[in-house]
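Asks: 1077 is the number of the first residue of the sequence shown in our numbering; add one for each residue after it.
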Amino acid sequence: MDTARFETFIDAILAIMMTVMVLKIPQPETLSITGIWDLKIMYLGYIISFIVLFSIWDHHRKFFDKVEYINNTVVWMYSILMFFTTLIPFFTSWVAHHPYDLIPELMFGLTFFIVNLLFVSSSILTVRTDTHNHQLQEINFEKIFLINTTLYITGAILTLLSYPLAMMIVCLFTIVTWNILTHLEERYKAGEQ
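1) Tell me, to the nearest whole angstrom, how far the beta carbon of Met1153 is from that of Ser1197; I am working on the premise that it is less than 8 Å.
2) By alpha-carbon positions, which one of Val1098, Pro1104 and Ile1229 ends up nearest to Ile1245?
3) Along the alpha helix (DSSP H) that carries Glu1083, what are the first and last residues, could you check?
4) Take Val1151 and list the residues in its own chain whose beta-carbon comes closer than 7 Å to its own, dropping the five residues that flank it on each side.
5) Would you please state the rounded distance, in angstroms, between the beta carbons of Asn1255 and Ser1131? I believe it to be under 8 Å.
6) Residues in the same chain with beta-carbon distance under 8 Å from Val1191, minus the five sequence neighbours each way, listed in chain order, please.
7) Classify Glu1144 as helix, strand or coil using the three-state DSSP reduction.
8) Which residues in the same chain as Glu1144 place their Cβ atom closer than 7 Å to its Cβ, once the five residues preceding and following it in sequence are excluded?
9) In its own chain, which residues sit with a C-beta less than 8 Å from the C-beta of Ile1086, not counting the 5 before and 5 after it?
10) Using a 10 Å radius around the Cβ and a threshold of 16 neighbouring Cβ atoms, would you call Glu1105 buried or exposed?
11) Once the 5 residues before and after Phe1249 are set aside, which same chain residues still bring their CB inside 6 Å of it?
12) Is it buried or exposed, Ile1123, if we count other Cβ atoms within 10 angstroms and call 16 or more buried?
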């Protein structure tokens, strides 16, 4: 199956989500630095979610530059990933309005964990489907997934025990870790060639 229409569909979903998210940020009540500062948690949630959505798009773009073949199973797996990814604006808004409440923070983190799990699973399935593509066989998703899972569990424990904002901070660390590890791996492979 050709991947071009599929890639365009994913691009459109991610672009719409980024737009919806920014529209959910309220304007400051007072036209001052204090008014902006009062919304700092909302801005942090938006920044984290935007970076996650952009990273999904960026990694998806780079990955599908190498993919030659997909089947309906891959399409459906990615549709499940997109379903959970579309929940990010909702949970971003919820956690932004209730930053110190346990349930919104945990749901924010759980959504990011599920998206991470599905992204890795979808990517692994794509690699297994495109069996004759040697470029894909070299990609190591497991290391990033294990590191991020450890971070998510740590964030959930910290959130439950003492500090609800820990989950939001951990979500930021996971995406930074994901991007740094991917970048280092790409540089290492480029140096080998």
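Quick reminder that beta carbons are idealized off the backbone N, C-alpha and C, glycines included.
Replies: Based on what the coordinates show:
1) Contact between Met1153 and Ser1197 is confirmed by a C-beta separation of about 7 Å, below the 8 Å threshold.
2) Taking the Cα of Ile1245 as reference, the smallest distance to any Cα among Val1098, Pro1104 and Ile1229 is reached at Ile1229.
3) Going by DSSP, Glu1083 is part of the alpha helix (DSSP H) stretching over Ala1080 to Leu1099.
4) Closer than 7 Å at the Cβ level, and outside the excluded window around Val1151, lie Phe1082.
5) At roughly 6 Å, the Cβ-Cβ gap stays under 8 Å, so Asn1255 and Ser1131 are in contact.
6) Take Val1191, set aside five residues on each side of it, and the residues of its chain with a beta-carbon closer than 8 Å to its own are Val1128, Ile1132, Leu1157, Phe1160, Thr1161 and Ile1164, in chain order.
7) The answer is coil: DSSP assigns Glu1144 none of H, G, I, E or B.
8) Counting only residues of its own chain and dropping the five nearest sequence neighbours on each side, Glu1144 has a CB closer than 7 Å to the CB of Asp1206 and Asn1209.
9) Excluding sequence neighbours, Ile1086 sits near Trp1133, His1136, Tyr1154 and Met1158.
10) Glu1105 should be labelled exposed.
11) Leu1227.
12) Ile1123 is exposed by the Cβ-count criterion.
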